[in-house]
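These notes concern the structure reproduced below.
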Amino acid sequence: MGSCFGNLFRLPARRLLMGKVIHGMLTRQIITKKKHEMWPVFGGNPFRFSLVEFGEATGLPCGEFEEGYSTDYEMLPTEENYAYWEKLIGTNRDVLIEDLVRMVQGDEGMPGWRKLRLCLIIIVDGVLAPTAQKPKPSLKHVNLVKSLKKFYAFQWG
């Protein structure tokens with residue numbers, strides 16, 4: 001995968017201890033009271049993982065956000081904002097990430113453009129930044145994948 005997410009797939013998650021540690025940091029997280037903080041759990045203990053370390057380990061862009069961007073910004077659930085959701089996912093607005101996984105795995109005739117975008121949403125909302133035990137795709141990320149150029153350049157840290 002020739003994007004910023006490619007490093008995630010090159011991690012030797014099953015072969016080397018380093019790969020297992022990084023895989024654990026990305027997939028085993030606890031919910032904290034601070035809004036913009038993630039604490040991975042490894043060996044049953046929570047620990048801090050700095051933004052610099054996150055960027056180095058994942059290869060994801062973790063610089064400054066573009067001017068005017070707010071991390072608190074939530075897209076309003078308007079019909080206009082759901083137009084791309086309906087094109088990509090369908091009319092169900094309560095779909096879970098696990099439903100997207102089933103969609104991708106179960107539809108062999110799915111166009112590549114759609115499969116790629118659904119997989120990117122699965123990675124971001126299901127692995128990197130889940131917001132619940134059973135995560136759902138976020139309207140913000142669904143609309144962000146409209147432009148892969150913007151999606152790949154987005155500052156994920």
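At position 129 of the sequence shown (counting the first as 1) the number is 129 in full-length UniProt numbering, and the numbers step up by one without a gap.
C-beta: ideal position from N, C-alpha, C; glycine also.
Query: If you reduce the DSSP assignment to three classes, tell me which class Asn92 lands in.; Result: coil
Query: Should Pro137 and Ile123 be called a contact, given that it needs their Cβ atoms to be closer than 8 angstroms?; Result: no
Query: Does Asn81 come out as helix, strand or coil in the three-state DSSP assignment?; Result: coil
Query: Using a Cβ-Cβ cut-off of 8 angstroms (strictly less than) and excluding sequence neighbours within five positions of Ile97, which residues of its own chain qualify?; Result: Ile121, Ile122, Asp125, Gly126, Pro130, Lys134, Pro135, Lys136 and Pro137
Query: Check the C-beta distance from Glu66 over to Lys140 and give it rounded, since I have them as a contact under 8 angstroms.; Result: The Cβ separation is near 14 angstroms, so there is no contact.
Query: Can you give me the C-alpha to C-alpha distance between Pro61 and Leu144, rounded to a whole angstrom?; Result: 15 angstroms
Query: Where does Trp113 land, buried or exposed, given buried means 16+ other C-beta within 10 angstroms?; Result: exposed
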